[in-house]
Amino acid sequence: MMLICRLFVLNFLLLWQPGTGGANTSINNRIDDIERNGTLPEYEVRALRVLSQTLQSSSTRTLQSSSTQLPLSSPICSEDLYAEIKCGSTDNTTNGAFRSVTEINLRGKRLDGSIHYSIGLFKNLEILYLYYNQLSGGIPSTLGQLQHLKYLDLSSNSLTGSIPPSLTKLQNLEYLLLSSNDLDGTIPTNLKGLQSLRLLDLSHNKLTGPIPDSIGYCQNLTVMDLYNNSLSGRIPKELGKLSELRYLALDDNDLHGELPKELGNLINLLFLYLTANNFNGTIPTTYEDLTNLRVFAVGGNYLSGPIPGYIEKWVNLTALVLIGNNFEGNLPAKTFSLTKLRKLWVSDVNNPGISFPPEVIREPNSLFSVVLRNCNINGPIPKYIGKWPKLSYLDLSFNNLNGSIPETFRNLTKLFLTRNMLTGELPSWITNNPNKSTVHPTWSFIDEIKSKKCRRKHNSLFINSGGEGCILRKGSLFITMTSISSFNLSPSDDWAYSYAGDYLTTNFQCQCFSKELVTCEITSAKANIDNNFSPCSSL
């Protein structure tokens, strides 16, 4: 759900880009027409021919033909709104009456091949869209010669190598999207030349090293997405200078240190994702001014101290993710009554822990998903929680709850109450309703579960039981296990962990998983005989 929301937000912040239509003709035929008409200078015609040879479309292959010529729906330099290659007039008098290519839009055409260095010959190019293809190889440094370039989108390909430092010379560049490739190396250190940049998306790559301090020169930046890389070091305080920033995603990296107080200057910030790093210290008091925040996500770090009371002033908040830290104290009671809040995820809170909000607090209007996991909550579960109108997902596992499960919970889609001290009869709407397969009662009810009529296959149990190492995304989540010992604990510290309920992103098709279906009547499964610690829990 969080991933879907992120994609929706990013797409909303990107420029809308129209699709293509019309009858298709091969690019070579289109180039022949241009050459006969003398529309473009000779060097651009040559560059187009190289483009046609190095970018070929697998979508044109048929059983009768092996042709891979790139189809175009409109003539080159056509005035058609959906033309893939558009042209404009040039101010260069040496070109005479020639026009010049200003836009190349070949997105989503299932292109194979690589981006040839001759792309740098399109001196007046303003837009280059090659995203959603299967391009490989590196990003040519000649792209840095395109001084008129405003929009560069090479995302969702299989590009490798590093980001060319020459791209930082593109003073007119507004959008730079290189996400979802296999790029490695570091982010270029000198970003001073990118003062027109408004959107930077380098997410889903293998980038390493620090976030350059020179990012502070990108004063017009509104979206910065570095999610899912291997970036290290601290968050540069210079980010606090980017007053136009609306979206900042640094999650799923190897960043460390304290959260910079300077981020509190970003009063226009709407989305802040810092989850799955190694941040420590407390949440700065300066963040009180971030009242426009929609999402504040810092889960999976080493943050400590009290949960800030000013959170209840973030009236625009839709998601608050604090799980997997070392916070202490209570959650501000009015947090539950924030009118726009849909997701509230908190875990691992002590001294003295979290209390349920008083019933007199205004009933939440929007809360859909609530996780209060391992928060040292004591006492019975209030019945009124089940009456919250939008609540569908509730995880109260690993607390000190007692009493019975409220009848008001029967309409929840998912309910997790594992490891509490609940008593009483297990409600029939859990044991008898086959549609409640995602409702997991507390373990203290296990004797009663065995006496009830229960579906034969209750859950899938995923256990890492040894074998070969498993490479997922950017690192090894499962190291090789060859020991004959009946109990093994990884000596490394690079194993992932799930920090709430069924929060999983791993690929269960990986051969290093042992999959065993366990019936709810069985108290021990044979998969437990030689099991090892699993980096990700599924129950």
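With mature numbering (1 follows the signal peptide of the UniProt record, and there is no 0) as the guide, the letters of the sequence shown map in order to residues -23 to -1, 1 to 516. We put the beta carbon where it would ideally sit given N, CA and C, even for glycine. It should be emphasised that the depicted structure is a prediction, and the values quoted were computed from it without experimental measurement.
Discussion item. Judging by CA-CA distance, which residue of His181, Ile212, Ile331, Cys195 is the nearest neighbour of Leu168?
Written reply: The residue you call residue 168 lines up with position 191 of the sequence shown. Out of His181, Ile212, Ile331, Cys195, Cys195 has the C-alpha closest to the C-alpha of Leu168.
Fill in: Distance between Ile53 and residue 547 (C-alpha atoms, nearest Å)
Shown here, the chain extends from -23 to 516; a query on residue 547 therefore has no answer.
Fill in: Given 8 Å, three or more beta-carbon pairs between the segment 340 to 353 and the segment 316 to 328
In this structure the segment 340 to 353 touches the segment 316 to 328; the number of beta carbon pairs closer than 8 Å is three or more.
Worksheet item: Nearest CA to the CA of Ile81: which residue from Asn409, Ser55, Phe75?
Response: Within the sequence shown, numbered from 1, the residue matching residue 81 stands at position 104. Per the C-alpha coordinates, the member of Asn409, Ser55, Phe75 positioned closest to Ile81 is Ser55.
Practice prompt. Quick one: residues in its chain with C-beta nearer than 7 Å to the C-beta of Pro383, no 5 flanking neighbours on either side, listed in chain order?
Written response: As a first step, residue 383 must be located in the sequence shown, where it is residue number 406. Counting only Cβ-Cβ distances below 7 Å, and skipping sequence neighbours, we find Ile358, Lys360, Gly363.
Worksheet entry | Buried or exposed by the 16-neighbour rule on C-beta atoms within 10 Å, applied to Pro18 | On the sequence shown, residue 18 is found 41 positions in, with the first residue counted as 1. Burial is judged here by how many other beta carbons sit within 10 angstroms of a residue's own beta carbon; Pro18 has at least 16 and is buried.
Item to complete: At 3 residues or longer, and completely inside the segment 213 to 295: list those beta strand (DSSP E) runs for me, N to C.
Response: Annotation: the segment 213 to 295 contains the following complete segments of the beta strand (DSSP E) (minimum length 3 residues), in chain order: 224 to 226, 231 to 235, 248 to 250, 255 to 258, 272 to 274, 279 to 283.
Worksheet entry | From Ser135, Gly162, Asn355, Asn182, residue whose alpha carbon lies closest to that of Asn379 | The sequence position of residue 379 within the sequence shown is 402, counting from 1. Residue Asn355 is the option with its Cα nearest to Asn379.
Worksheet item: In three-state terms, what does DSSP make of Ile192?
Response: The count along the sequence shown starts at 1 and reaches residue 192 at position 215. Of the three classes helix, strand and coil, the one that applies to Ile192 here is helix, per DSSP.
Fill in: Spatial distance of Ile11 from Ser50 (CA atoms)
Against the sequence shown, residue 11 aligns to sequence position 34. Against the sequence shown, residue 50 aligns to sequence position 73. Here the alpha carbon of Ile11 sits roughly 15 Å from the alpha carbon of Ser50.
Worksheet item: What number of angstroms, rounded off, separates the C-alpha of Asn101 from the C-alpha of Gly121?
Response: By one-based count along the sequence shown, residue 101 stands at place 124. By one-based count along the sequence shown, residue 121 stands at place 144. Taking the straight line joining both Cα atoms gives about 12 Å.
Worksheet item: Ends of the beta strand (DSSP E) at Thr79?
Response: Here residue 79 is taken as the residue at index 102 of the sequence shown, counted from 1. Thr79: member of the beta strand (DSSP E) spanning 76 to 82, first to last residue.
Worksheet entry | Paired residues, beta bridge with Glu305 - DSSP | As a first step, residue 305 must be located in the sequence shown, where it is residue number 328. According to DSSP, which records beta bridges pairwise, Glu305 is partnered with Pro283, Asn327.
Practice prompt. Measure the C-alpha to C-alpha separation of Arg175 and Asp202 and round it to an integer number of angstroms.
Written response: Counted from its first residue, the sequence shown places residue 175 at position 198. Counted from its first residue, the sequence shown places residue 202 at position 225. Whole-angstrom Cα-Cα distance: 12 Å.
Discussion item. Within 10 Å of its beta-carbon, does Lys86 have 16 or more other beta-carbons around it, so buried, or fewer, so exposed?
Written reply: Position 109 of the sequence shown, counted from the first residue, corresponds to residue 86. By the neighbour-count definition (other C-beta atoms within 10 Å, threshold 16), Lys86 is a buried residue.
Practice prompt. Using the Cα positions of Thr312 and Leu373, report the straight-line distance between them to the nearest angstrom.
Written response: On the sequence shown, residue 312 is found 335 positions in, with the first residue counted as 1. On the sequence shown, residue 373 is found 396 positions in, with the first residue counted as 1. One Cα belongs to Thr312, the other to Leu373, and the distance between them is close to 17 Å.
Worksheet item: If you draw a straight line from the alpha carbon of Thr419 to that of Glu402, how long is it in whole angstroms?
Response: Here residue 419 refers to the residue found at position 442 of the sequence shown. Here residue 402 refers to the residue found at position 425 of the sequence shown. Its pLDDT being 49, under 50, Thr419 is placed unreliably by the model, and nothing is read from it.
Practice prompt. Answer with buried or exposed for Asn254, where buried requires no fewer than 16 other C-beta atoms within 10 angstroms of its C-beta.
Written response: Counting from one through the sequence shown, the residue named residue 254 turns up at place 277. With 16 or more Cβ atoms within 10 Å of its Cβ, Asn254 is classed as buried.
Discussion item. Please classify Ile244 as buried or exposed, where buried requires at least 16 other C-beta atoms within 10 Å of its C-beta.
Written reply: Residue 244 sits at position 267 when you count from the first residue of the sequence shown. Under this definition Ile244 is an exposed residue.
Item to complete: Taking Tyr128 as the reference, give the member of Thr295, Leu28, Pro309, Arg84 with the closest Cα.
Response: Residue mapping note: residue 128 aligns to position 151 of the sequence shown, counting from 1. For Tyr128, the nearest C-alpha among the options comes from Arg84.
Worksheet item: Quick one: what's Asn379 bridged to in DSSP?
Response: By 1-based counting over the sequence shown, the position of residue 379 is 402. Beta-bridge pairing links Asn379 to Pro357, Met398.
Fill in: Residues near Tyr20 in its chain [Cβ-Cβ closer than 8 Å; skip 5 each side]
Working through the sequence shown from its first residue, we reach residue 20 at position 43. Around Tyr20, the same chain offers Leu98 as residues with beta carbons nearer than 8 Å, after the five sequence neighbours per side are excluded.
Fill in: With 16 other Cβ atoms within 10 Å as the buried cut-off, status of Phe78
Here the question's residue 78 lines up with position 101 in the sequence shown. Note on residue identity: the sequence assigns Val, not Phe, to residue 78. Per the 10 Å Cβ criterion, buried.
Worksheet item: Looking only at C-alpha atoms, which of Val27, Pro283, Leu246, Pro335 sits nearest to Asn293?
Response: Working through the sequence shown from its first residue, we reach residue 293 at position 316. For Asn293, the nearest C-alpha among the options comes from Leu246.
Worksheet item: Around the Cβ of Arg33, are there at least 16 other Cβ atoms within 10 angstroms (buried) or fewer (exposed)?
Response: Residue numbering aside, residue 33 sits at position 56 when the sequence shown is read from its first letter. It should be pointed out that residue 33 corresponds to Gln in this sequence rather than to Arg. With 16 or more other CB atoms across the displayed protein chains lying within 10 angstroms of its CB, Gln33 is buried.
Worksheet entry | Top-ranked residue by Cα proximity to Ile192, from Ser180, Pro213, Gly306, Asn206 | For this step, residue 192 is matched to residue 215 along the sequence shown. When only C-alpha atoms are compared, the closest one is Pro213.
Worksheet item: In whole angstroms, what separates the C-alpha of Leu219 from that of Asn14?
Response: If you number the sequence shown from 1, residue 219 lands on position 242. If you number the sequence shown from 1, residue 14 lands on position 37. Spanning the alpha carbons of Leu219 and Asn14 requires a straight line of approximately 48 Å.
Discussion item. Determine whether the beta carbon atoms of Gly114 and Ser91 lie at a separation below 7 Å.
Written reply: By one-based count along the sequence shown, residue 114 stands at place 137. By one-based count along the sequence shown, residue 91 stands at place 114. Going by C-beta atoms, Gly114 is nearer than 7 Å to Ser91.
Discussion item. My output table needs one value for Trp365: the three-state DSSP class, helix, strand or coil.
Written reply: Start at 1 with the first residue of the sequence shown, and residue 365 comes out as number 388. Reduced to three states, the DSSP call for Trp365 is coil.
Practice prompt. Whole angstroms is fine: what's the gap from Gly277's alpha carbon to Thr252's?
Written response: Residue 277 sits at position 300 when you count from the first residue of the sequence shown. Residue 252 sits at position 275 when you count from the first residue of the sequence shown. Between Gly277 and Thr252, the C-alpha separation is close to 6 Å.
Practice prompt. Take the Cβ of Pro189 as the centre, count every other Cβ of all protein chains shown within 10 Å, and call the residue buried at 16 or more, exposed below.
Written response: On the sequence shown, residue 189 is found 212 positions in, with the first residue counted as 1. Within a 10 Å sphere around the beta-carbon of Pro189 sit 16 or more other beta-carbons, which makes this residue buried.
Worksheet entry | Euclidean distance between Cα positions of Ile338 and Trp365 | The residue given as residue 338 occupies position 361 in the sequence shown. The residue given as residue 365 occupies position 388 in the sequence shown. Taking the straight line from one Cα to the other gives about 12 Å.
Discussion item. Please report the straight-line C-alpha distance between Asp9 and Ser157, rounded to a whole angstrom.
Written reply: Counting from 1 along the sequence shown, the entry for residue 9 is found at position 32. Counting from 1 along the sequence shown, the entry for residue 157 is found at position 180. When rounded, the distance between both Cα atoms is 35 Å.
Discussion item. In whole angstroms, give me the CA-to-CA distance for Glu61 and Leu88.
Written reply: The sequence position of residue 61 within the sequence shown is 84, counting from 1. The sequence position of residue 88 within the sequence shown is 111, counting from 1. Cα to Cα, the separation comes out at about 14 Å.
Discussion item. For Asp10, report the span of its beta strand (DSSP E) as first-last.
Written reply: Along the sequence shown, one-based indexing puts residue 10 at 33. No beta strand (DSSP E) holds Asp10; the alpha helix (DSSP H) holding it covers 4 to 14.
Worksheet entry | Rounded C-alpha distance that separates Gly282 from Ile300 | Taking the first residue of the sequence shown as 1, we reach residue 282 at position 305. Taking the first residue of the sequence shown as 1, we reach residue 300 at position 323. Their backbone Cα atoms lie some 14 Å apart in a straight line.
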